[in-house]
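In my numbering, the protein residues as written are 3 to 107.
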């Protein structure tokens, strides 16, 4: 999953595009996998980054719309200070989507 949607939102606000971060990707993958393995509880993993989480039993298709329609998630993704990011999805054995996005300086 790329940064196109997030960077589109940022462009609408006149903000710089986010660059992909392999280190954020690695951490986001690990956390999304952890949530999927445990059945998730929507909790965030503390760290030196902003984080958005999505979980839905109907798949990953509504992820971006859900984040766009939540001011806290949208403001996190479009935050002026963030310069790098990664967004990942994992589907558990029951077909539930778990997504984690991380943004940092």
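Even for Gly, the Cβ is constructed at its ideal location relative to N, Cα and C.
Under the DSSP definition of a beta bridge, which residues are partnered with residue 99? Answer is 58, 93, bridged to residue 99.
Beta-carbon contacts of residue 78 that lie in its chain and below 7 angstroms, excluding the five residues immediately before and after: Around residue 78: 52, 54, 105.
Among 70, 66, 41, which one has its Cα closest to the Cα of residue 59? Ranked by how close their Cα comes to the Cα of residue 59, the residues 70, 66, 41 have 41 in first place.
Report the rounded CA-to-CA distance for residue 34 versus residue 49, giving the unit in angstroms. Taking the CA atoms as reference points, residue 34 sits about 15 angstroms from residue 49.
Taking 8 angstroms as the limit between beta carbons, can you name the residues of its chain near residue 9, skipping five residues before and five after? Listed in chain order, the non-local C-beta contacts of residue 9 below 8 angstroms within the same chain comprise 19, 20, local neighbours out to five positions each way being set aside.
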